[in-house]
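Peer 1: Chains as they are written, first to last, in my numbering: chain A, 1 to 292; chain B, 1001 to 1183; chain C, 2001 to 2363. Virtual Cβ for every residue (Gly too), placed ideally from N, Cα, C. The structure displayed is predicted, hence computed values, not measured ones.
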Amino acid sequence: MNKLKPKLFRINTGSCNGCDVEFLATALVDKFQFHKLEVEIAEEISQANLLVITGPLTARSEPFLKSYINKLSEPYVVVGIGTCSITSGIFRDSYAINGPTDKVIDVDINISGCPPRPQSIAEGIAKGVAILNQKVQNVNISKQMDTILQGFEAPKSFRGKINLHANLCTACRTCETVCPSGAINITKIGDKYEHKVWHNTCCFCGNCVFFCPTGAIYNTNDFDTAKHQDEKYSDTNISYIKTDNCSSCNKRYKKPTTGLLKKAYINDDINKLNNNLCPECRKKENFTRMYL
Amino acid sequence: MPRVQKKRKFYKDVFVNTSKFIKILRETLGEQCSIKEDKDSYGNHSIWMKLKVKESINVVANSIKSFKGRCIVATAYKNRDGSHTIIYHFDINGTILNVEIKTNDNMFFSITPIIPSANWAEREIREMYGVEPIGHPNTDRLFLDYSIAKGVLNEFIPLSKLQRGVSKTDIMWKKVEEDINNG
Amino acid sequence: MGKTIKIGPFHPELEESVYFKLVADKNSIVQEVEIVNGFIHRGMESLVTNRNFMQNLILTERVCSLCSNNHPFTFVMAVEKIANIKVPSRAEALRVVADEIKRAASNLFNLAMLSHLTHSYELMKDTLETREYLQDLKETIWGNRMDMSVNLFTGVKYDLDAKKVVHILEKLNLAIPKIKELQKRFENDEIIKQRCVGVGILPTEKALEIGVTGPVARGSGINNDVRVKAPYSLYALRPELQPRTKPRNGCDVLSRAMARFDDIIEAVRIIKDLLSDLPRGKTYLEKRPHIPEGEAVVRTEAPRGELIYYLKTDGSQKPIRMRWKVPTYTNWEALKVMILGDKVENVTIILNSIDPCISCTER
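1. When burial is assigned at 16 or more other CB atoms within 10 Å of the CB, is H1089/B buried or exposed?
2. Nearest chain B C-beta to Y233/A closer than 7 Å, yes or no?
3. Find out if the Cβ-Cβ distance for the pair T288/A, T201/A is shorter than 7 Å.
4. Tell me where the beta strand (DSSP E) around M2322/C begins and ends.
5. If I measure Cβ to Cβ from I1064/B and keep anything under 6 Å in the same chain, skipping five residues before and after, which residues do I get?
6. Using a Cβ cut-off of 7 Å, which residues of the region 1121–1154 of chain B contact any Cβ in chain A, in chain order?
7. What did DSSP end up calling G2305/C once you bin it into helix, strand or coil?
8. Output the distance between the C-alpha atoms of T2262/C and C2357/C, rounded to the nearest integer angstrom.
9. Taking A2236/C as the query, report the chain B residues whose CB atoms sit under 7 Å from its CB, ordered along the chain.
10. Please classify F23/A: does DSSP put it in a helix, a strand, or coil?
11. I'd like to know whether the C-beta of G80/A is nearer than 7 Å to at least one C-beta of chain C.
12. Go through the region 1028–1082 of chain B residue by residue and report every complete run of the alpha helix (DSSP H) that reaches 4 residues or more, in order.
13. Between P1002/B and K2006/C, what straight-line distance do the alpha-carbon atoms span, to the nearest angstrom?
14. To be precise: take each residue of the region 1094–1116 of chain B, compare its Cβ to all Cβ atoms of chain C, and keep it if any distance is under 8 Å. Which residues remain?
15. Could you pull the start and end residues of the alpha helix (DSSP H) that F2075/C belongs to?
16. Hey, how far is the Cα of L2128/C from the Cα of Y218/A?
17. Starting from the beta carbon of H2041/C, find every residue of chain A whose beta carbon is closer than 9 Å, and list them in chain order.
18. Since V2156/C meets chain A, which of its residues come closer than 9 Å, beta carbon to beta carbon?
19. Around the Cβ of R2256/C, are there at least 16 other Cβ atoms within 10 angstroms (buried) or fewer (exposed)?
20. Mind listing the chain A neighbours of K1175/B? Cutoff is C-beta to C-beta under 9 Å, in chain order.
21. With 16 as the cutoff for other CB atoms within 10 Å, does P63/A come out buried or exposed?
22. For a minimum of 3 consecutive residues, which ranges assigned as the beta strand (DSSP E) are wholly contained in the region 44–98 of chain A?
23. Am I right that K232/A and N110/A are in contact with their C-beta atoms under 8 Å? What's the rounded C-beta distance?
24. Name the chain A residues that come within less than 8 Å of E2016/C, Cβ to Cβ?
25. Given this structure, state the Cα-to-Cα distance separating M2338/C from P2088/C, to the nearest angstrom.
26. Take F223/A as the anchor and find which of G2219/C, N2144/C, P2009/C and I2176/C has the nearest alpha-carbon.
27. Under DSSP, the beta strand (DSSP E) around T2004/C begins and ends at which residues?
28. For N185/A, would you say it is in contact with chain D, using Cβ-to-Cβ distances shorter than 7 Å as the test?
29. Give every residue of the same chain whose Cβ lies closer than 6 Å to the Cβ of N1119/B, excluding the five residues on either side of it in the sequence, and list them in chain order.
30. If we call anything under 7 Å between Cβ atoms a contact, is L2307/C one with T2074/C?
31. Whose C-alpha, out of K255/A, L50/A and A25/A, is nearest the C-alpha of V129/A?
32. Taking a Cβ distance cut-off of 9 Å, strictly less, list which residues of the region 2139–2153 of chain C are near chain A, in chain order.
33. Going by C-alpha distance, which of S1019/B, L1142/B, K1054/B and V1099/B is nearest N2037/C?
34. Beta-carbon within less than 6 Å of F1010/B's beta-carbon, same chain only, minus the 5 sequence neighbours each way: which residues are those?
35. Go through its chain and collect everything with a Cβ distance to G2008/C's Cβ below 7 Å, but skip five positions before and after it.
36. Using three-state DSSP, classify E291/A as helix, strand or coil.
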């Protein structure tokens, strides 16, 4: 079988150094199984066939990255570590950012995370090596890949991919407001709200989880973030939030959760409130109840 | 070849009485400066000083130097009327001294020749706000790439929006939406 | 005639991108040094003024992930100063715990890099393995190995119950003997001595003139630790927590490494002291503060030295101006003093000895 010894070269295009530090930990600490991949660190980019890129691609890095890429010879594989290299992440829309990486070079594997766990980095590089071998053998590149490195676990408290309890969500947009990297988007579609979390631009900070008033949004401990470039825009978490008809005016509205009502009506028994009123009608009812 | 290591003197704390320092400045600058003292909830003193004339910064710098102080950093910002405010942050043995000057003509007098630790801070003001530190020993850019025009922080609206009308975030989310709609 | 040597901007021995142009004589002694910066400049001072305060809690954390706790810590202190908020003492304690864990982990990483650069393979492995105790701790308690997302205006986002306290203490008790053993090995290792003693000299007078801070200053006989000079948070409320490190006066790479060991050992001591007597009460105030118009300057001691934040607000949801100065910003100028007259092969070791945080510096 035709195999190529993977030789890795890392380029930092302006990262906060989290991914670089964690890459080093991945490469040098045995428990992350990196040594199983038999990857060699190349001294010069011209010897490399496995390019690892971190960072959102700053203006000053761009021309240097381009000139370095010219020294690569086929076949080679590009692995982007960290949310920044995929979508410029939290730094997007700054005057100094020209990224993301795939504007300059075709990327094969993306590893989302801020920074990704070493386990995810090792997995991503394992997938990169697998694709490199496919390129050497000139066979079709597999876009859907199974997990290669086995036996990794995450503690329950690990802040992994975001998920949503749709029944608790009131589409109040707090998560959208506090998200520093624009990873959450809520739109109204017909009589439903569509709540979208895009994992490839999420920085896994848990800000949305902390500030959510109803406890609807939460971090799972899922760290399976090493994905093929084809999944860049499709690795999302979509939930739908239902709306109800107001019992008074029949307009569609989003019903508040019991928890929220309890916060708003500290002195009232919320079981006695009419639970099916839209905000407008509730205002009227409250006025009648309190002043008339 | 191993170098012979000299015995080095231990650094001795210079006892500084901030009130003495302020007194000297009040005597030399008089009406030219206003001084405010501030104490945080942990008991740390800081001094805020406003200079009426930007040239007076030389006097302050010399006096900081004689008290063995250092320049921590300097902040600049653009005011709505187009002028720039520059605040130097000095440290004298644990007390922060903030000295504010204002400039209307995109220039100020560099104190780097007196206090070398102001070097980078002043260069950054030049590239980020296009305000020239007169007499600064370095002329090249520090951080800002030459592909970006100097004075980039003068803009109140983010540049990316200014240039394209939409942000990269909006463009990327469109692609995500497309992927969702395509199943 | 000298020969020109270029290192970087992308190089396996450089953690972050920076570009050195050196001129060396025939004995490979550096005669001239030019450093090109700006590869990590992300325009963050413009970004923070376009995000609200809640988003900036995280954005400041992403300035640099080695001192990722100190940035939001200092930022929230500046906000609290403007809004005149008194933080519950339990929150102050939890902030310090998080901060000291980060300090120890950050310094251990730098020491691992030092042994990596001197090709002391076993030493590097053991240093990284020791760091893993802290990394695992951060992941189990705070949910991420680098960015802990601890700070909040009016307090902290996390709490420690008795079980977690025991867990932290257990892990630390495993790590302490390893750290002490590592310190001895670094001090006595022949290769480390050969490569680090008398290398990258920064004389005390020069250090004072340039205004270096943190372990770099402590390696040149100057102790300007903010936790002692201008104590904040719990370091002010409980002076017994302040680090009792004494500066080293070798002025070379090894002294700076040893100053880092001193910091690690004190950091662990501070955490243990705090956890044995954690103040009770709330971890944050329920009421979200209104942030009025104002300006504030606040500083803390980051793993690399003094970190200072200037914040100006106008009563809206976004800061008008935010500027911060990190330790590497001034320590960087000291590099020129250290590199000039030293050997070309020592350049990366000397660079590592100031523990450069370029992402912090260039923002």
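Peer 2: With the structure as the only source:
1. buried
2. yes
3. No, the Cβ-Cβ distance between T288/A and T201/A is not below 7 Å.
4. R2321 to K2325
5. F1090
6. Here the close residues are D1145, S1147, I1148 and V1152.
7. The three-state reading of DSSP puts G2305/C in strand, counting E and B together.
8. The sequence given here places Asp at residue 2262/C; Thr does not occur at that position. So the two alpha carbons sit approximately 20 Å from each other.
9. Y1042 and G1043
10. helix
11. no
12. 1057–1066
13. The predicted position of P1002/B is uncertain, since its pLDDT is 39 and thus under 50; no value can be drawn from it.
14. G1094, T1095, I1096, N1098 and P1116
15. N2070 to A2083
16. 32 Å
17. G14, T58, A59, R60 and A96
18. Near V2156/C there are no residues of chain A at all, since even the closest Cβ is about 10 Å away, more than 9 Å.
19. Taking all protein chains shown into account, R2256/C has 16 or more neighbouring C-beta atoms within 10 Å of its C-beta and is therefore buried.
20. K232 and Y233
21. exposed
22. 50–54 and 77–81
23. 6 Å
24. The answer, in chain order, is N12, S15, N17 and D20.
25. Taking the straight line from one Cα to the other gives about 44 Å.
26. N2144/C
27. In the DSSP assignment, T2004/C falls within the beta strand (DSSP E) that extends over K2003 to I2007.
28. Although the question refers to chain D, the structure presented lacks it and instead comprises the protein chains A, B and C.
29. Within the same chain, Cβ atoms closer than 6 Å to the Cβ of N1119/B are found at T1112, the five residues on either side in sequence being excluded.
30. yes
31. Of K255/A, L50/A and A25/A, the smallest CA-CA separation from V129/A is found for L50/A.
32. E2139, T2140, I2141, W2142, G2143, N2144, R2145, M2146, D2147, S2149 and L2152
33. L1142/B
34. Because the pLDDT at F1010/B is just 34, under 50, the model does not fix this residue reliably, and the point stays unresolved.
35. L2014, S2017, V2018, Y2019 and F2020
36. Reading off the sequence shown, one finds Tyr at residue 291/A, where the question assumed Glu. Helix, per DSSP.
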